[in-house]
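Chains as they are written, first to last, in this note's numbering: chain E, 47 to 248; chain V, 38 to 468.
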């Protein structure tokens, strides 16, 4: 990690962003009740208390995804990470959390660290996660048992790794979209957004 | 940092009531930006429009206006509360169509009832009332809401029974009911599993004596008193000076005795009892009452039977109580014992009882009773003006408003006719 340095390198940035996704995904799964709350444990990170899953299978899956993601972040080949929440029975997409990742590819060539302290980055990340928590104010209640899926958009020429498969975008038709805050490590910029099924009528 | 994101909703997230269906984000933004000074005129105008539509509606689906009005209120006044009038509206709409059989199993109407129940202090009473009235008995949503309420109160057995009742009534949509029932069963099963696990865990580990707060510890060391590291069990000095009560010294082992907690969900074998159908002839006692006395044995209790004027009433005077009952200075004892005065002579006026316990359910039942009475032809209060129209929504209208409403309607019609005569079909189509 780059904690002792003032600047931030590509590797550090990839790690920070990957860490954000690990906590962010856990937060969403907890907040939206995809997994029962008692399978989560509380940890303190970014100076706030966050919920992390204790379910071994889920943990394993997330570690896999995040480490793969870290690789892609390091190579600057990832464009988007999408968390899709679908109804277990009907497979209908109910919610779609989209994180657009903008990579500054010039960081690959020059290894000069960028000027941005970890503290400011973590502050930004914290406010994104806070906002994720706050979305319960307008999101519909998920009444059915739901499943989730993670989609990663990468550059086209990338070889699909063994454990991954190609997938459709899983767009919600007739959706309401809300942009959330974004953060940047000055190498990777992450814009967050949530889309959910529109309420019937007003 | 917050580009593209309107952060308004986040700043006032505590003032937004979460809705089951979620919120329309654009309506939310609009509502929050308009909220600076109370209710803006735009909102008031829209509300007025709904109010007058409620009164002037002539089609065959009056519930539709109510439904739209209530949904609009929910979305436009996100903080809820009194000024949203939501509770009033829900109560009015629930009361209003209780007699309309065609709405009884209309999903919209049932949803409104459920929303109404959720605002009441005792939702279970409302659900039972709905069942007795036949409102929503074939709608899965009623049983789901009902069961959820039981579950929230920790009664998972009753919650299950409610679903059984729903299946018996063939509530629709069947799939949804089935799904929610299964989800409930899964939750209960998980709970039981966790309890079992916890018990096993606690059996495995040796019982650790708990630390007792505020007890004296035996000190260690001969010259200097040093508090022991281990502060449980024998380290506690049992008898200490001062105000230690002699009767029950709180010791370590006393605190170990575990409280046995009765777990209802485990005693499944008790045999299912059917949810009772209550006849609802009279309004039920409201359970939200405070200071209500539980029924108990009275034979040992003696009532002081002396009135203020000192004349004894039949029974010999009871022995004085050993304590002086506290009487508030302002509180006058009843000046007269109730005695048999000829009711014809008794023209004493008394103030109306100030606090009649009013719950929405009670009002509802009163309304119901009144209607029954009206049907049976009993003389009843009858207003010789269109009271219904003036008071039907959440706000009160005055006669002039109604007149204006009719007048504008007529004007609009006339102008339309004129235009129609002039052959401008497009104008009338746009109307």
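Glycine included, each C-beta is placed from N, C-alpha and C at the ideal position.
Tell me the rounded alpha-carbon separation between residue 243 (chain V) and residue 128 (chain E).
Because the pLDDT of residue 243 (chain V) is 49, which lies under 50, any placement of that residue in the model is unreliable, and the number read from its coordinates should be weighed accordingly. Roughly 48 Å between the two C-alpha positions.
8 Å Cβ cutoff met for residue 126 (chain E) and residue 231 (chain E)
Inclusion of residue 126 (chain E) and residue 231 (chain E) in the CB contact set at 8 Å is not warranted, their separation being larger than that value.
Which chain V residues are close to residue 242 (chain E), counting only those with a beta carbon under 7 Å from its beta carbon?
Listed along chain V are 59, each with a C-beta nearer than 7 Å to that of residue 242 (chain E).
Note down, in chain order, all residues in the segment 81-95 of chain E with a beta-carbon under 9 Å from any beta-carbon belonging to chain V.
Hits within the stretch, in order: 82, 84.
For residue 46 (chain V), which residues in chain E fall below 7 Å Cβ to Cβ?
Ordered by position in chain E, the residues that pass the 7 Å Cβ test against residue 46 (chain V) are 183, 184.
By Cβ distance, which residues of its chain are closer than 7 Å to residue 321 (chain V), with the 5 residues on each side in sequence left out?
At residue 321 (chain V) the pLDDT is 45, less than 50, meaning the model places this residue with poor confidence; the figure from the coordinates comes in the next sentence. Excluding its 5 nearest sequence neighbours in each direction, residue 321 (chain V) has C-beta neighbours in its own chain below 7 Å: 162, listed in chain order.
Taking only beta-carbon atoms, is residue 53 (chain V) less than 8 Å away from chain E?
Under the 8 Å criterion on CB atoms, residue 53 (chain V) is classed as interfacial with respect to chain E.
Check the Cβ-Cβ distances between residue 187 (chain E) and every residue of chain V, and say whether any is below 8 Å.
So yes, residue 187 (chain E) belongs to the interface.
Does DSSP put residue 91 (chain E) in a helix, a strand or coil?
Judged by DSSP in its simplified three-state form, residue 91 (chain E) adopts strand.
The segment 113-122 of chain V touching the segment 450-461 of chain V, judged by at least three CB pairs closer than 8 Å
Output reads no: the segment 450-461 of chain V does not touch the segment 113-122 of chain V.
Contact residues within the segment 130-149 of chain E, judged by C-beta distance below 7 Å to chain V
Identification of residues in the segment 130-149 of chain E having a C-beta nearer than 7 Å to some C-beta of chain V yields 135, given in sequence order.
Within its chain, find whatever has a CB closer than 7 Å to the CB of residue 170 (chain V); leave out the 5 residues flanking it on each side and keep chain order.
The answer, listed in chain order, is 135.
Report the residues of the segment 153-182 of chain E with a CB closer than 7 Å to any CB of chain V, ordered along the chain.
Those residues of the segment 153-182 of chain E that come within reach of chain V (Cβ to Cβ, closer than 7 Å) are 170, 177, 180, 182.
Cα-Cα separation, residue 128 (chain V) to residue 235 (chain V):
For residue 128 (chain V) and residue 235 (chain V), the distance between alpha carbons rounds to 45 Å.
Please return the same chain residues whose Cβ sits closer than 8 Å to the Cβ of residue 185 (chain E), not counting the five positions on each side in sequence.
Within the same chain, residue 185 (chain E) has close Cβ partners 78, 141, 240, 242.
Could you give the C-beta distance for residue 174 (chain E) and residue 227 (chain E), rounded to a whole number, given that I count them as a contact under 8 Å?
The Cβ separation is near 5 Å, so the contact holds.
Which whole-angstrom value describes the C-beta separation of residue 187 (chain E) and residue 123 (chain E), a residue pair presumed to lie in contact below a C-beta threshold of 8 Å?
That pair is no contact at about 37 Å.
Touch check for the segment 152-166 of chain E and the segment 53-66 of chain E: three-plus C-beta pairs under 8 Å?
Between the segment 152-166 of chain E and the segment 53-66 of chain E there are three or more C-beta pairs closer than 8 Å, enough to call the two in contact.
Any Cβ of chain E within less than 8 Å of the Cβ of residue 177 (chain V)?
It does not; no Cβ of chain E falls within 8 Å.
Would you check if the distance between the CB atom of residue 134 (chain E) and the CB atom of residue 193 (chain E) is smaller than 8 Å?
In this structure, residue 193 (chain E) lies closer than 8 Å to residue 134 (chain E) by Cβ.
What in chain C is Cβ-close to residue 220 (chain V), meaning under 7 Å?
No chain C is part of this structure, whose protein chains are labelled E and V.
State whether the segment 176-188 of chain V contacts the segment 196-214 of chain V, with contact taken as three or more CB pairs (one from each stretch) at a distance under 8 Å.
Enough Cβ pairs lie closer than 8 Å, so yes.
Pairwise C-alpha distance: residue 207 (chain V) and residue 100 (chain E)
Rounded to whole angstroms, residue 100 (chain E) and residue 207 (chain V) show a C-alpha spacing of 40 Å.
May I have the straight-line CA-CA distance separating residue 399 (chain V) from residue 213 (chain E), to the nearest angstrom?
Distance between residue 399 (chain V) and residue 213 (chain E), taken at the CA atoms: about 57 Å.
When DSSP builds the beta bridges, which residues end up paired with residue 239 (chain E)?
Residue pairing for residue 239 (chain E): DSSP places it in a beta bridge opposite E:144, E:225.
Could you give the uninterrupted runs of the alpha helix (DSSP H) lying entirely in the segment 131-169 of chain V, keeping only those of 4 residues or more?
Segments of the alpha helix (DSSP H) lying fully in the segment 131-169 of chain V: 144-156.
Between which two residues does the beta strand (DSSP E) holding residue 126 (chain E) run?
Where residue 126 (chain E) is concerned, the enclosing beta strand (DSSP E) stretches over 124-133.
Below 8 Å on the Cβ atoms is my guess for residue 76 (chain E) versus residue 104 (chain E); work out the distance and round it to an integer in Å.
Going by Cβ atoms, the distance from residue 76 (chain E) to residue 104 (chain E) rounds to 11 Å, so no, they are not a contact pair.
With a cut-off of 8 Å, do at least 3 Cβ pairs link the segment 139-149 of chain V to the segment 90-101 of chain V?
By the Cβ test, the segment 139-149 of chain V is in contact with the segment 90-101 of chain V, since at least three Cβ pairs between them sit closer than 8 Å.
Cβ of residue 62 (chain V) within 8 Å of any chain E Cβ
Residue-level contact check: residue 62 (chain V) touches chain E, since one or more beta carbons of chain E fall below 8 Å from its beta carbon.
Contact list for residue 224 (chain E) against chain V, beta-carbon separation under 7 Å:
Taking a Cβ-Cβ threshold of 7 Å, the residues of chain V close to residue 224 (chain E) are 62, in chain order.
Reduced DSSP secondary structure (H/G/I, E/B, other) of residue 197 (chain E):
In the structure shown, the three-state DSSP call for residue 197 (chain E) is strand.
Find out if the Cβ-Cβ distance for the pair residue 429 (chain V), residue 194 (chain V) is shorter than 8 Å.
The answer is no: Cβ separation not under 8 Å.
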